[in-house]
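Notes to accompany the following structure.
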Amino acid sequence: MKTYKFIISGGGTGGHIFPAISIADGLKQRYPDCEILFVGAEHKMEMEKVPAAGYTIEGLRVAGFHRGEIWRNLSFPFKLLRSMMKARKIVTSFRPDCVIGVGGYASGPVLRVATNKGLPTVIQEQNSFAGVTNKILAKKVDKICVAYDKMERFFPAGKIVFTGNPIRSNLLEGQKNIEEARKFFQLEENKPVLLIVGGSLGARSINDSLLVQFDALKDSGIEVIWQTGKFYYKTISEKLEGKLPGHIHLMEFIPRMDLAYAVADLVISRAGAGTISELCLVGKPSILVPSPNVAEDHQTRNAMALVEKEAAVLVKDSEAKEKLVPEALKLITDKLQLEKLAANSTKMALPNATRDIVEVIAELLEKRES
């Protein structure tokens, strides 16, 4: 069997990086002897996360276009030119059989070079509203793997394959380990568990909402697992020093999300595409607080895909301080509503996304060789 080579490009956030790593793992399962090279943006989190997952990565000195502060774009053309030159050098040297883009700054230059060379190319679009880069690249790539309906608004219908978003493979395994999860987080039995996550970096408005309504959380007596994110942990710890009761568990980062999901009765989260795919897979009721700081308001559109099917509750970022904690405390005691949300979110799960994306890639390879 031929030894295939793959380049996976993109990153910037966990929402791009974790699907990319899942695709790489899937390719390794399908083609054990394959070579995989990641290409990311210098100084972004993929430069740390990808090597930690056991893969090699090259960095491009590339940055996004600032829509609000035009003066910050003076160096943009030069960075783009340098990144295109380096992307061309990487693709020419590595000689991949297929290039997969997952979104993020580095995805554009690498896929542009690959399509110009006539290489098989795939885009994996996580969101319900396509980003500008992917919409431009869609004209030349071979296939576009999507996770939401009606994506023909953005992409040529003949190129779209409905696969869902790849998720971390260990999440389902953790659902069987509720006792282990209770011990891991030091939770009391027979108490509802509220899980709060704002991403690895944290979500300021979610954290601020919990601080404003901290007394209500404290008096509720429910178990709370609160991931603050690394940007906010120190400040919040100092503010709550001496005030934290035993049932509120403050954490900078949750290393075992499989166990966190396993034990959670309700999840408060941003509405990144990857997180939503995970919530559906594990069948957890959720209150989604879409970030207003993402291009094209992706997260609100992602959240509405669940809300419209009664699979989640939405609280606007601007209303979070007033409504988030009261809504959570009300919902977590409503077992019928929790069961309804859980059942509807499970219906939206696509557990074979990684396998299906790898199959799309395999078909392109076979077509090229036939």
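So the mapping is simple: the working numbering equals the position in the sequence shown, first residue as 1, plus 109. C-beta: ideal position from N, C-alpha, C; glycine also.
Go to residue i, then tell me how far its alpha helix (DSSP H) extends in each direction, as first and last residue.
i: GLU288; result: 287-294
i: CYS254; result: Where CYS254 is concerned, there is no enclosing alpha helix (DSSP H), although the beta strand (DSSP E) it sits in stretches over 252-255.
i: SER346; result: 342-348
i: ASP367; result: 366-372
i: THR242; result: 241-246
i: PHE323; result: 323-329
i: LEU440; result: 429-440
Which term fits residue i, buried or exposed, when burial requires 16 or more other beta carbons within 10 angstroms of its beta carbon?
i: SER216; result: buried
i: PHE147; result: buried
i: ASN316; result: buried
i: PRO394; result: buried
i: SER479; result: exposed
i: SER346; result: exposed
i: THR165; result: exposed
i: ASN236; result: buried
i: THR242; result: buried
i: SER329; result: buried
i: GLN295; result: exposed
i: ASN279; result: exposed
i: HIS407; result: buried
i: LEU169; result: buried
i: THR112; result: exposed
i: PHE174; result: For PHE174, the predicted model reports a pLDDT of 48, less than 50, meaning its position is unreliable; a value from the coordinates is still stated below. Answer is exposed; the Cβ neighbour count stays below 16.
i: SER314; result: buried
i: ILE245; result: exposed
i: GLU234; result: buried
i: SER131; result: buried
i: ARG379; result: buried
i: LYS456; result: exposed
i: MET260; result: buried
DSSP three-state label for residue i, please.
i: LYS114; result: strand
i: VAL555; result: Missing from the structure shown is residue 555; the chain here goes from 110 to 479 and no further.
i: GLN138; result: helix
i: MET360; result: strand
i: HIS175; result: Legend: pLDDT at HIS175 = 45, less than 50; position of this residue unreliable, no value from coordinates given.
i: GLN235; result: coil
i: TRP180; result: Confidence is the limiting factor: at TRP180 the pLDDT is only 47, short of 50, which leaves the residue's position unreliable, though a coordinate-based value still follows. Three-state DSSP puts TRP180 in a helix.
i: GLU298; result: coil
i: GLU417; result: coil
i: LEU280; result: helix
i: GLY383; result: helix
i: SER454; result: helix
i: GLY121; result: coil
i: VAL306; result: strand
i: LEU189; result: helix
i: LEU320; result: helix
i: LEU403; result: Position check: residue 403 holds Val in this sequence, whereas Leu was assumed. The answer is coil: DSSP assigns VAL403 none of H, G, I, E or B.
i: LEU459; result: coil
i: VAL469; result: helix
i: LEU423; result: strand
i: LEU388; result: helix
i: LEU445; result: helix
Provide the residue span of the beta strand (DSSP E) that contains residue i, from first to last.
i: ALA162; result: Neither: ALA162 is in no beta strand (DSSP E) and is coded neither H nor E.
i: PHE271; result: 269-271
i: GLU332; result: 332-336
i: SER479; result: Unbroken run through SER479: none, as it is neither H nor E.
i: LEU375; result: 375-378
i: SER395; result: 395-397
Checking contacts by CB at 9 Å: is residue i closer than that to chain C?
i: ASN411; result: Included in the structure is just one protein chain, with no chain C present.
**Item:** the stretch 352-359 touching the stretch 270-286, judged by at least three CB pairs closer than 8 Å
**Value:** no
**Asked** Three or more C-beta pairs closer than 8 Å, one from the stretch 418-438 and one from the stretch 462-479: is that the case here?
**Response** no
**Prompt:** In chain order, which continuous runs of the alpha helix (DSSP H) of length 4 or greater are located wholly inside the stretch 193-236?
**Reply:** 216-225
**Segment contact flag, the stretch 201-221 with the stretch 116-131, C-beta cutoff 8 Å, min 3 pairs** = yes
**Asked** Would you call the stretch 411-429 and the stretch 286-300 in contact, with 3 or more CB pairs under 8 Å?
**Response** no
**Item:** Three or more C-beta pairs below 8 Å linking the stretch 356-366 and the stretch 321-335
**Value:** yes
**Request:** Report yes or no: do the stretch 137-156 and the stretch 220-236 share at least 3 C-beta pairs separated by less than 8 Å?
**Result:** no
**Three-pair Cβ contact test at 8 Å for the stretch 383-394 versus the stretch 319-327** = no
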